[in-house]
Structure formats: C-alpha cells, structure tokens
Amino acid sequence: MDTYEPHIYELSSPGKHGTNLPRMDVPESELPAGLLRQDGMNDFPELTEPEVIRHYTRISQRNVSVDTTFYPLGSCTMKWSGKLHEEVARYAGFAAAHPLQDAADSQGALRLMYELQGYLGEISGFAAVSLQPAAGAQGEFTGILAFRAYHLDRGDHDRLEVLVPTAAHGTNPATAAMAGLKVVEVKGHACGGVDMDDLRAKVSPRTAGMMLTNPNTLGLFENQILEICEIVHAAGGLMYGDGANFNAILGIAKPGELGFDFMHYNLHKTFTTPHGGGGPGSGAVGCTAELAPFLPGPRVRLADGGGYELFTPEKSIGRMKAFHGNFGMLVRAWTYIRTLGAEGLREVSEIAVLNANYVRVRLMDLYPQAVERICMHETVLRGQIAGAPKDIRTLDIAKRLIDYGFHPPTVYFPLIVPEALMIEPTETEGKRTLDVFIDAMRQIAREAVETPELLHEAPTTAPVRRLDEVRAARQPILRYDREAIARVRAE
Ligand SMILES: *Cc1c(COP(=O)(O)O)cnc(C)c1O
C-alpha cells in the first residue's frame, strides 16, 4: 500500500490563497531598491486554508510516537512524558522569560535552575551540576574537555588517551576523538562486563579517563564497577559516566558514590523531557568537587544578599550553549522530579527493571539473550529464531512489528551482539501493553518459521514499505524536487 502523499506543491494552483490580511493602517513606505527581490516568486505554492491544514494534519497523523503507541527503543528510554510537564513549561513566566533579563527580574527561573542543579546532584551523588549542554553527546564532550582541562591545570600534559569499551554507544568514541584525544578500546568479557585483564593492560600514565555507562549497553549492571574505578583512578585517570542508562538505578545507586567523577544526565530520557523530532534535548552534567571549577557556565548559586545569581566557575571550560541551555527542558525535568519525589523516582527504576525482565523471561525461549543474566532496565535479545530460514534477520522482525502496530526496538546495537534486538519497555507501560507486545513477538517468531515471506514483505500496513536506507543517506532529496521524486517513483 505504498500510498503517495501529494506534495503541497502538487496541490497548488494559481490564484488560490488562504489568508485574509487586514487593511493597511500605516502609511505605505518605499523599500530601498536593494532590498526588493529581483525575480518573481517562482514556484510558490498557492493553496486554500483547508488544503494546508488537511495536508499537514494528515501527515502529522503518520507520526509514530509515545502518544500513539508502545515505543520500546532500547537505550533511548522513550517513556511517557507527562502532559503536566508541558503545561508547566508553557507558564508565561517561564515560556516568555527573556534570557537577557536581569537576575532581579528572573528569580523564579533562576530558582528553578538552582533547585534542579541540587536535585540532580543529590540523585547522582555529585557535588556540582551544570545545566548547559544541549544533549547527552554534548554532555560527554563537556566532560572530556573538563578532564583535559583538569589534567593540564595540574601540569599533567601527557594524558591523551580515553578508554572506551567496545560495547559503548557511538557518541563515546566520537566525543573523545572530537576532543582531540585518542580512543583506546577495552574489550568486553563473556559475562557482559568489561574485560578486567584488558583494562589493566590498556590503562597507563597516558590515560585521561575512561567512559563507561552503568548499566552498560547490554542492559547489564557492571558488577566490577568499584574495581574498574579503582584501576583507572590508581593510574591517575578520571571516570566519565554516560548517564543514558540512569533510568535503571534512580534512588538505588549513586554514580558519584560508585566512583564516577563526571556524568551527563539525558533529561530527555530519564527525566521525561520529550525527545521526538531530534530535540531539543538536555544533557546536564554533574561532577565531583575537584572537577567543579571546570564546569561550563553560567551556573546558578545563592547570592550573598539573598536570592539567586548566575556565575561562571573560575576555571570554566567556557560555554557549551547559548544563554542557559534548553530552559524549557529544565522546567519539565524539575516538574517530573517534584511530582515523583524521592520514593517515586526509586519506584521508576524498580518498575523499569521489572518490566524489562518480564519481557526478557517471556521471550527468551524464542529469542536468545545476548548474555543469560538478569537485566536492568532493558534487555538485549537476538533475532536468531530456531528453525527459521537463514535469511530471516533482526531487520525483518523489526519491520514485521510495524505491521502489528508497534515501534520496533533498537536493532543492531550494541554492535558486538549479532542480530541485536534491544528492548526497553520503560516503567510507564502496564502489563497489558507488554503482553500484547510479547504476543506479537511470539507470533512473529512462529511466522518466521512457518510463513517467512510475511517477514520479508513487511511492513505492509505502513505508508511506505522498506526504505533504501543506504541511498537515502548517500543521495538524499532534502527539498521538493519534482523531477527527482518522479525519477525515484518510476524505479
Ligand atoms: C542516547 C545515548 C547517548 C547520547 O545522548 P544524546 O542525548 O542522544 O546525545 C549516549 N550514550 C548512550 C548509551 C545513549 O543511549
């Protein structure tokens, strides 16, 4: 059912319009000739208001989102973002605040930032927090720049290597490389954790630090975390915590107490600020007192004369983002934390872990586990179904799930797991939803053996079928190009 949605240009015909401009009530004035466009408005779509509204409403209904369906995209924590957060973020005092307003006129906004810094620090066991970075990856970049600045400040010039486990999210090695440091890979062990012998072999006086996520990208708690931190610290290196998986340990373990020196929080994952459509996100960072002077500013502190003020830490690596970070995201995260309280946050993690293990246990007879262990908030299975033809792959299973009305889980990540299917149900889903999803996964496993063509053909119910992802990446058509579209459709 490859239904083609006519582009807005194709609905256009000359002379139609959908606006009612008020009569001019100011004197007409001459524009300088240099500011006037030289050519006509060629190829500008002309439509009526209902045509425009229907066009965009129709395509908006093709969006798959947490508002419409279960969205078990592993590592991304696509949990429900409470509508209350949206309401609070829209309060005029927040939404209309100008970032250049004086501190005296923005005490409410500054107080919210101050309190959020405090909550995040308390939840994670860190002394200081900066709300600047725009996303997790930028938080990582902030951390590694701070590591480098810390070492240089102590006259330690030769620490140019960052240890990164082979299972790491791609942003970790990319961050180290962007910071101008060398990535040194540390192997994983069959038990799903870091290979300690390999770690001991790779750590050295050149180690600036290690980047690690706990739970790791296999959804497993890194049991040797205390020893890992000890080894890296003993060599003079620092521990960077990739906080993307923080959803599993809220109120249970504090990364700062496990031995991490610096960490980002993905507010758009753990703290339910929305992350559809590529953002905006927020990758606030927390760190130890030793690293606090290097944090990006401005941060918020209590002012001597009462109230709140902005300040920049003395050895700050500088700004990471214009003004105060993605402030609207900070409002949402603050609201989430205040709504749940300490006990509620702990319950979040307990239920997230319970849900992931429920899915794992109910699917593991058909979908082999990457590592046979109790998981944390997500489970990594493999799309290798016994008795199915060899050409049935994880991609086919994911596409078939679309026909069953689900957003597929993350596939082919982590890279070290063949045919990986990474399922993160999150705590905001109830048993009924999980059961329907599990039934679909079990049915797909049966189809893979009995009617594999159904999987090869999937998705059959989506507006578009299989996309040529390589071509879309290499030869993207990024704006309306009538001829290019006709060419592609003719093929
Ligand atoms: C999402 C994620 C990141 C990057 O975070 P962004 O906010 O998307 O930049 C890093 N590491 C892991 C494990 C992640 O899941």
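Going by my numbering, the first residue of the sequence shown is number 9, and it counts up by one from there. By construction, the Cβ of each residue, glycine as well, lies at the ideal position given by its N, Cα and C atoms. Since we're looking at a predicted model, the values are computed, not measured.
Residue list for ligand 1: 83, 84, 143, 144, 145, 146, 148, 177, 179, 180, 221, 225, 250, 252, 253, 274, 276, 277, 289, 291 (CB closer than 7 Å to any heavy atom, chain order). Taking a C-beta distance under 8 Å as the contact criterion, residue 378 and residue 341 do not qualify as a contact pair.
In this structure, the CA atom of residue 78 is about 37 Å from the CA atom of residue 303. Contact check between the region 109-117 and the region 311-318: three or more CB pairs, one atom from each, fall below 8 Å, which counts as touching. The Cβ atoms of residue 135 and residue 325 do not sit closer than 8 Å to each other. The continuous beta strand (DSSP E) containing residue 173 extends over residues 169-173.
Per DSSP, residue 272 is one residue of the beta strand (DSSP E) stretching across 270-272. About 32 Å separates the CB atoms of residue 444 and residue 96; that is not less than 8 Å, and the two are not in contact.
For residue 215, the enclosing beta strand (DSSP E) stretches over residues 215-220. Residue pairing for residue 377: DSSP places it in a beta bridge opposite 389. Note that the region 49-61 touches the region 17-36; at least 3 beta-carbon pairs, one per stretch, sit closer than 8 Å. Going by DSSP, residue 452 is part of the alpha helix (DSSP H) stretching over 439-458.
Ranked by how close their Cα comes to the Cα of residue 425, the residues 306, 196, 139 have 196 in first place. Around the CB of residue 189, 16 or more other CB atoms lie within 10 Å, so the residue is classed as buried.
Between residue 269 and residue 299, the gap from beta carbon to beta carbon is short of 8 Å.
DSSP lists 307 as the beta-bridge partner residues of residue 319. Around the Cβ of residue 459, a 10 Å sphere holds fewer than 16 other Cβ atoms; the residue is exposed. The C-beta of residue 150 has 16 or more other C-beta atoms within 10 Å across all chains shown, which makes the residue buried. Linking residue 234 to residue 264 through their CA atoms gives a straight-line distance of about 11 Å. Per DSSP, the unbroken alpha helix (DSSP H) holding residue 91 starts and ends at 91-97. In the three-state reduction of the DSSP assignment, residue 418 falls in the strand class. Just so you know, the alpha carbons of residue 31 and residue 38 end up roughly 18 Å apart. For the 8 Å CB-CB criterion, residue 452 and residue 370 do not form a contact.
The straight-line gap separating the alpha-carbon atoms of residue 106 and residue 88 is approximately 29 Å. Annotation: the continuous alpha helix (DSSP H) that includes residue 64 extends over 57-68. The count of Cβ pairs closer than 8 Å, one atom from the region 152-171 and one from the region 373-392, stays below three, leaving the stretches out of contact. Around the CB of residue 213, fewer than 16 other CB atoms lie within 10 Å, so the residue is classed as exposed. Under a 10 Å Cβ-count criterion, residue 277 is classified as buried, with 16 or more other Cβ atoms of the shown protein chains found around its own Cβ. For residue 60, the closest alpha carbon among the candidates 85, 75, 15 is that of 15. In the three-state reduction of the DSSP assignment, residue 158 falls in the helix class, which pools H, G and I. Counted as a single uninterrupted DSSP element, the stretch harbouring residue 477 is not any beta strand (DSSP E) but the alpha helix (DSSP H) occupying residues 477-482.
Here the alpha carbon of residue 259 sits roughly 21 Å from the alpha carbon of residue 297. The alpha-carbon separation between residue 208 and residue 391 amounts to approximately 34 Å. Proximity to residue 227 across 192, 184, 85, 345 peaks at 85, based on C-alpha coordinates. Below 8 Å, enough C-beta pairs join the region 327-338 and the region 119-129 to call them touching: three or more.
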